[in-house]
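S.K.: Numbering follows the working numbering, with no gaps: position 85 of the sequence shown is 115. Here it is, the structure in full.
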Amino acid sequence: MINRKKTKKIRVGKIAIGGDSPITVQTMVKVDAHDVKAVVKQIKEQEEAGCDITRMNVLDMESVQNFSKIKKQIKIPIVADIHINYLWALEAIRQGVDKLRINPGNIGGIDKVKQVVVLAKERGVPIRIGVNAGSLEKDLLVKYKHPTAEALVESAGRHIKILEDLDFDQIVVSIKASDVRKMTAAYRLFSAKYDYPVHLGVTEAGPPSIGTIVSSVGIGSLLLDGIGDTIRVSLSGDSLEEIRVGKELLKSLGLRSGPRLISCPTCSRTAYNMLALVKKVEKYLDKVTAPIQVAVMGCAVNGPGEAREADVGIAGGRKAGVLFAKGKIVKIVKEEEMFEELVKYIERLTG
């Protein structure tokens, strides 16, 4: 059982972050922010994949003014990612965004920050402070020589103070770096000092084959320590893959319910196209919400025994396989019917 740190609870639209709220999965819009139709299409796909919150970078005032059009057509909260121009932040709030991602120290003087904070407070819009090792303040780089964990936390503290001095506390913080060791050290330091909810992520994690590993190590190790209120697995590629990996990461730690697929690594005993079946089952389970464990195994010799904890599974063989449940054989099925028989049993279990 993971003992999560109790952080301040804030609301992002209809979703709560922090406190005892479930850990949410986030992703980003990865199409042109000017193309409302494409943005809405992608967000609807993200919703179907199980995303809780999405975020969109703004490029200019035109893209900021698209938020209200987008909001009318989607269900999940959307975050406006703002850099440099405080006017974009003000307009994003007016357009109805559910959260801002800014660094108060880089959108102008205190008078400009105050305008943003006053409007955000009035509209109930929280602010995520996003500290990144690649854009650390110059004086901190001089002080610490390079972006250390201590430097990143000091940067976060500066931005927090700006908001707190303006009597604003609806804050989420992210402290990202591409180096997992630096990222995890920074979050641990921050968590020991502050009670604001944290958004976990490894920046520039890489393509799925690498980024999945890097993010699992970084995000997963912090979650095991009870640190983390919302996550984004940053991958070069499809946002749906970010969502899938994020959900599976949480499920593997018992922090999110839903189906879990297990499959054997195969060996010379495997006498059927197991990988093809695994892919079909994985795709099918994307639509299932029940917390069941499903196994796809390479042979009937060890399959049912090795996967005895699975609620249901298939162990294939040459031209036939066995359907099993909790390690006990239910029936023998033809190879071409394995997927259909497995689905039937899953549907019987899940009602």
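The beta-carbon is built from N, C-alpha and C at its ideal position, and this holds for glycine as well. Keep in mind the model is a prediction, meaning the values are calculated, not measured.
Just checking, does the region 213 to 228 make contact with the region 133 to 148 on the three C-beta pairs under 8 Å criterion?
M.R.: Segments in contact, no.
S.K.: Do residue 60 and residue 269 count as a contact pair if the criterion is CB distance below 9 Å?
M.R.: Taking the first residue of the sequence shown as position 1, residue 269 is located at position 239. Taking the first residue of the sequence shown as position 1, residue 60 is located at position 30. Their beta carbons are under 9 Å apart, which means residue 269 touches residue 60 by this criterion.
S.K.: Can you tell me where the beta strand (DSSP E) holding residue 207 begins and where it ends?
M.R.: Start at 1 with the first residue of the sequence shown, and residue 207 comes out as number 177. Per DSSP, residue 207 belongs to no beta strand (DSSP E) and is neither H nor E.
S.K.: I think residue 114 touches residue 122, with their Cβ atoms under 8 Å apart; what is that distance to the nearest whole Å?
M.R.: Mapped onto the sequence shown, residue 114 falls at position 84. Mapped onto the sequence shown, residue 122 falls at position 92. Going by Cβ atoms, the distance from residue 114 to residue 122 rounds to 13 Å, so no, they are not a contact pair.
S.K.: Please identify the residue among 209, 257, 32 and 288 whose C-alpha is closest to the C-alpha of residue 162.
M.R.: Walking along the sequence shown from the start, residue 162 turns up at place 132. Cα-wise, what sits closest to residue 162 is 209.
S.K.: Just the C-alpha distance for residue 331 and residue 261, rounded to the nearest angstrom, thanks.
M.R.: Sequence index remark: in the sequence shown, residue 331 carries index 301 (1-based). Sequence index remark: in the sequence shown, residue 261 carries index 231 (1-based). The straight-line gap from Cα to Cα measures roughly 40 Å.
S.K.: Mind pulling the alpha helix (DSSP H) runs of 4 or more residues that sit fully within the region 288 to 359?
M.R.: The qualifying runs are 304 to 315 and 333 to 336.
S.K.: Taking all protein chains shown into account, do 16 or more other C-beta atoms lie within 10 angstroms of the C-beta of residue 293, making it buried, or fewer, making it exposed?
M.R.: Position 263 of the sequence shown, counted from the start, is the residue given in the question as residue 293. The residue in question, residue 293, is buried, as its Cβ has 16 or more Cβ neighbours within 10 Å.
S.K.: For residue 37, count neighbouring C-beta atoms within 10 Å of its own C-beta (all shown protein chains included) and say buried if the count is 16 or more, exposed if not.
M.R.: By 1-based counting over the sequence shown, the position of residue 37 is 7. So residue 37 ends up on the buried side.
S.K.: Is it buried or exposed for residue 64, if we count other Cβ within 10 angstroms and need 16 for buried?
M.R.: In the sequence shown, residue 64 corresponds to position 34, counting from 1. Its Cβ having fewer than 16 others within 10 Å, residue 64 is exposed.
S.K.: Using a 10 Å radius around the Cβ and a threshold of 16 neighbouring Cβ atoms, would you call residue 413 buried or exposed?
M.R.: Here the chain has residues from 31 to 381 only, and residue 413 is not among them.
S.K.: Could you give the residue range of the beta strand (DSSP E) that holds residue 193?
M.R.: As a position in the sequence shown, residue 193 is number 163, starting the count at 1. First-last for residue 193: 179 to 195, but that is the alpha helix (DSSP H), not the beta strand (DSSP E).
S.K.: For residue 282, does the count of other Cβ atoms within 10 angstroms reach 16, so buried, or fall short, so exposed?
M.R.: In the sequence shown, counting from the first residue as 1, residue 282 sits at position 252. Exposed is the call here.
S.K.: According to DSSP, which residues form a beta bridge with residue 133?
M.R.: Looking up residue 133 in the sequence shown gives position 103. Paired residues: none, contrary to the question.
S.K.: Can you tell me whether residue 319 is buried or exposed? The criterion is at least 16 other CB atoms within 10 Å of its CB, across all chains shown.
M.R.: Start at 1 with the first residue of the sequence shown, and residue 319 comes out as number 289. Residue 319 comes out exposed.
S.K.: Between the C-alpha atoms of residue 76 and residue 267, what's the straight-line distance to the nearest angstrom?
M.R.: The sequence position of residue 76 within the sequence shown is 46, counting from 1. The sequence position of residue 267 within the sequence shown is 237, counting from 1. Their Cα atoms are separated by approximately 14 Å.
S.K.: For residue 278, which of 49, 53 and 165 has the nearest alpha-carbon?
M.R.: Locating residue 278 in the sequence shown gives position 248, counting from the first residue. It is 53.
S.K.: Quick one: what's got a C-beta closer than 8 Å to residue 379's C-beta in the same chain, skipping five residues either side?
M.R.: If you number the sequence shown from 1, residue 379 lands on position 349. The answer, listed in chain order, is 320, 322, 341 and 342.
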